[in-house]
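Q: Could you have a look at this structure, given as structure tokens, before my questions?
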RNA sequence: GGAGGGGUGGCAGAGCGGUUGAAUGCACCGGUCUUGAAAACCGGCGUACUCGCGAGGGUACCGAGGGUUCGAAUCCCUCCUCCUCCGCCA
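Residue numbers (the working numbering): 258 to 684.
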């Protein structure tokens, strides 16, 4: 959520910046000005109500004194005066409450302001490739098997059985497939630890406040699995619990940067997906991911974003997978993000680029909703910046590894994973 | 699941219907003293919103949300959470 103060101080600039997301400048302006207007009204009603409250307080203590000195008559007179003030006050309060709700509702509809470097554009086609794969892409020939066929051939992932137990999009990994997953998780966590992240194992379900804190609510409500009976949500990403560790907290500037990593399964309903996009591991309802999160000083967040991008890039290099890095254009940029880099890996049999990581700086957008603040050098309380990235999401990495590393003898295990496994080939 | 007891400032801990934003201690910051430090003494020490050029005001906040009352940290209701005991269970 953008802060109201920022809107008040420069609505034109914000409106202009949001056009990058494909929003209509005039419509946005209209919204911003009505927000400014509402805030003015909010202040007015608040002041009026507070004046009355102050009066009531004073009178009440007078009443107390009068009772003590036995002047009940005079006290009763004052009581009627208080009653009058209170009814007036209540109408101001009601109005104030209404206005506040309107402000909140409007604010929730305004996405984050894109960073200067974000290219304008409508959709994924306008994303900017900031680093392309320079070498030749692997050419497996036309006999290469897509990962779902390889999975069956070597009996390492059973999609049918997963569908039978739960439903489509819940694959069951078995044997060497299951071990490969375990190896990848350990590899990713170890790398994160080396980079200075503290490892946590968070809950996989979160309450409403947490879902709202990182912006899944109200925006992506339909994408989350929800347990009505307990009013809990299954996490769509570890970002939710990891970032919410700091909800409603004021940290010290000395704590920066705060670096947290965690492995969790992620659950997504993926309503509305279809076609070849959802084939095999390309899009599933449950997948594993190691997430990295940083809480940062506002002056440092872009430096840290670069560092996180490098971290992810390094993982892909070590796994020897062809990858490219995209800077998302305004139209493809997530609602809460100011700048996002996507990583895609080339899956050689499908001849497709698969998104495996998304690294974002949210600046103070999440922090504002989370009330995640820090005390700066002058003792002033300010909003922190939050960043996160996948490092990495497993399902599609597995898909690419299987496809790219297939040989007539079997699927070769990348060098870095061998120490995590008791086999070097899947056959 | 049942029964009982708690949640107060950075921490500990009083207050249990009337100038209480909240005693006291510790911690912290500034000062006096000291060659320096400690001790002692003096002073300061929460957050948010808001009015004011400023000095300085106002309002809210004692787990959260409602209610009773002229007045609530204090009474009532709901919820969250922690602890103890019983039951059940991986």
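Backbone N, C-alpha and C define an ideal beta-carbon position, used for all residues, glycine too.
For residue 468 and residue 271, what's the separation of their Cα atoms in angstroms?
A: Taking the first residue of the first chain as 1, we reach residue 468 at position 211. Taking the first residue of the first chain as 1, we reach residue 271 at position 14. Distance between the alpha carbons of residue 468 and residue 271: 26 Å.
Q: Measure from the alpha carbon of residue 674 to the alpha carbon of each residue in 288, 363, 335, 445, then state which is nearest.
A: Position 417 of the first chain, counted from the first residue, corresponds to residue 674. Comparing Cα positions, the closest option is 445.
Q: When the Cα of residue 400 is compared with those of 682, 554, 665, 671, which residue comes out closest?
A: Within the first chain, residue 400 is the residue found at index 143, counting from 1. With distances taken between Cα atoms, residue 400 lies closest to 665.
Q: Smallest Cα separation from residue 621: which of 369, 320, 280, 584?
A: As a first step, residue 621 is located in the first chain; it is residue number 364 there, counting from the start. It is 369.
Q: Going by DSSP, what residue range makes up the alpha helix (DSSP H) through residue 211?
A: This structure cannot speak to residue 211, because the chain is shown only from 258 to 684.
Q: Would residue 616 and residue 603 be called neighbours here (beta carbons separated by less than 8 Å)?
A: The count along the first chain starts at 1 and reaches residue 616 at position 359. The count along the first chain starts at 1 and reaches residue 603 at position 346. Result no, Cβ atoms of residue 616 and residue 603 do not sit closer than 8 Å.
Q: Kindly indicate which residue of 658, 631, 626, 283 has the alpha-carbon position closest to the one of residue 466.
A: Walking along the first chain from the start, residue 466 turns up at place 209. Looking at the Cα atoms, 626 is the closest of the given residues.
Q: Going along the chain, which unbroken runs of the beta strand (DSSP E) with 3 or more residues stay wholly within the segment 347-398?
A: Taking only runs of at least 3 residues, the beta strand (DSSP E) segments lying wholly in the segment 347-398 are 385-388.
Q: Would residue 423 be called buried (16 or more neighbouring beta carbons within 10 Å of its own) or exposed?
A: For the purposes of this step, residue 423 is identified with residue 166 of the first chain, where counting begins at 1. With fewer than 16 Cβ atoms within 10 Å of its Cβ, residue 423 is classed as exposed.
Q: With distances taken Cα to Cα, identify the nearest neighbour of residue 470 among 532, 305, 310, 499.
A: As a working mapping, residue 470 is identified with position 213 in the first chain. When each option's Cα is compared against that of residue 470, the closest is 499.
Q: With burial defined as no fewer than 16 other Cβ atoms inside 10 Å of the residue's Cβ, what is the status of residue 572: buried or exposed?
A: Within the first chain, numbered from 1, the residue matching residue 572 stands at position 315. Residue 572 comes out buried.
Q: Tell me the rounded alpha-carbon separation between residue 281 and residue 316.
A: Taking the first chain and counting its residues from 1, the one referred to as residue 281 is at position 24. Taking the first chain and counting its residues from 1, the one referred to as residue 316 is at position 59. If I take the Cα positions, the gap works out to 53 Å.
Q: My parser needs the alpha helix (DSSP H) runs of 4 or more residues fully inside the segment 470-503; what are they?
A: Here the runs fully enclosed are 496-501.
Q: For the beta strand (DSSP E) containing residue 648, name the first residue and the last one.
A: Counting from one through the first chain, the residue named residue 648 turns up at place 391. It spans 642-650 - the beta strand (DSSP E) in which residue 648 sits, taken as one unbroken run.
Q: May I ask you to report which of helix, strand or coil DSSP gives residue 259?
A: For the purposes of this step, residue 259 is identified with residue 2 of the first chain, where counting begins at 1. Coil, per DSSP.
Q: Kindly indicate which residue of 649, 290, 480 has the alpha-carbon position closest to the one of residue 521.
A: The sequence position of residue 521 within the first chain is 264, counting from 1. Nearest C-alpha to residue 521: 649.
Q: Between residue 684 and residue 646, what straight-line distance do the alpha-carbon atoms span, to the nearest angstrom?
A: Position 427 of the first chain, counting from 1, holds the residue named residue 684. Position 389 of the first chain, counting from 1, holds the residue named residue 646. Distance between the alpha carbons of residue 684 and residue 646: 33 Å.
Q: Can you give me the C-alpha to C-alpha distance between residue 516 and residue 305, rounded to a whole angstrom?
A: Mapped onto the first chain, residue 516 falls at position 259. Mapped onto the first chain, residue 305 falls at position 48. Going from the Cα of residue 516 to the Cα of residue 305 covers about 45 Å.
Q: Would you say the segment 425-442 touches the segment 536-554, given that touching needs at least three Cβ pairs under 8 Å?
A: Verdict: yes, contact present.
Q: Taking its Cβ as the centre, do 16 or more other Cβ atoms sit within 10 Å of residue 324, making it buried, or is it exposed?
A: Counting from one through the first chain, the residue named residue 324 turns up at place 67. When all chains shown are included, residue 324 counts as exposed.
Q: Rounded to whole angstroms, what is the Cα-Cα separation between residue 261 and residue 293?
A: Numbered from 1 along the first chain, position 4 holds the residue referred to as residue 261. Numbered from 1 along the first chain, position 36 holds the residue referred to as residue 293. Whole-angstrom Cα-Cα distance: 8 Å.
Q: Which same chain residues end up closer than 7 Å to residue 303 when comparing Cβ atoms and leaving out the 5 residues on each side of it in sequence?
A: Numbered from its first residue, the first chain carries residue 303 at position 46. Here the set comprises 353.
Q: Out of curiosity, what's the CA-to-CA distance linking residue 455 and residue 518?
A: Position 198 of the first chain, counted from the first residue, corresponds to residue 455. Position 261 of the first chain, counted from the first residue, corresponds to residue 518. If I take the Cα positions, the gap works out to 6 Å.
Q: Are residue 356 and residue 298 closer than 8 Å when you measure CB to CB?
A: Taking the first residue of the first chain as 1, we reach residue 356 at position 99. Taking the first residue of the first chain as 1, we reach residue 298 at position 41. Yes, the pair counts as a contact, with Cβ atoms nearer than the cut-off.
Q: Any contact between the segment 603-612 and the segment 471-491? By contact I mean 3 or more CB pairs, one from each, below 8 Å.
A: Touching, no.
Q: Please classify residue 387 as buried or exposed, where buried requires at least 16 other C-beta atoms within 10 Å of its C-beta.
A: Locating residue 387 in the first chain gives position 130, counting from the first residue. So residue 387 counts as exposed.
Q: Mind checking whether residue 364 and residue 258 have CB atoms under 8 Å apart?
A: Start at 1 with the first residue of the first chain, and residue 364 comes out as number 107. Start at 1 with the first residue of the first chain, and residue 258 comes out as number 1. Yes; because the gap between Cβ atoms is below 8 Å, this pair is in contact.
Q: With 16 as the cutoff for other CB atoms within 10 Å, does residue 593 come out buried or exposed?
A: Indexing the first chain from 1 puts residue 593 at position 336. So residue 593 counts as buried.
Q: Return yes when the Cβ of residue 588 is within less than 8 Å of the Cβ of residue 432, no when it is not.
A: Here the question's residue 432 lines up with position 175 in the first chain. Here the question's residue 588 lines up with position 331 in the first chain. Cβ atoms of residue 432 and residue 588: not closer than 8 Å.
Q: From 447, 628, 372, 440, pick the residue whose C-alpha is nearest to that of residue 559; which is it?
A: Within the first chain, residue 559 is the residue found at index 302, counting from 1. If we check each option's Cα against that of residue 559, 372 comes out closest.
Q: Exposed or buried, residue 545, counting other C-beta atoms within 10 Å across all chains shown (16 or more means buried)?
A: Taking the first chain and counting its residues from 1, the one referred to as residue 545 is at position 288. Answer is buried; the Cβ neighbour count reaches 16.
Q: Does DSSP classify residue 282 as helix, strand or coil?
A: Residue 282 sits at position 25 when you count from the first residue of the first chain. Three-state result, residue 282: helix.
Q: Would you decide whether residue 661 is buried or exposed? Buried here means 16 or more other CB atoms lie within 10 Å of its CB.
A: Position 404 of the first chain holds residue 661. The residue is buried, with at least 16 neighbouring Cβ atoms inside 10 Å.
Q: Leaving aside the five residues before and after residue 510 along the sequence, list all residues of the same chain whose C-beta is less than 7 Å from its C-beta, in chain order.
A: To locate residue 510, count along the first chain from 1; it is residue 253. Around residue 510: 554, 631, 632, 633, 634.
Q: Please report the straight-line C-alpha distance between residue 279 and residue 574, rounded to a whole angstrom.
A: The sequence position of residue 279 within the first chain is 22, counting from 1. The sequence position of residue 574 within the first chain is 317, counting from 1. Between residue 279 and residue 574, the C-alpha separation is close to 35 Å.
Q: Which two residues bound the contiguous alpha helix (DSSP H) that contains residue 434?
A: If you number the first chain from 1, residue 434 lands on position 177. Segment 433-451, the alpha helix (DSSP H) holding residue 434.
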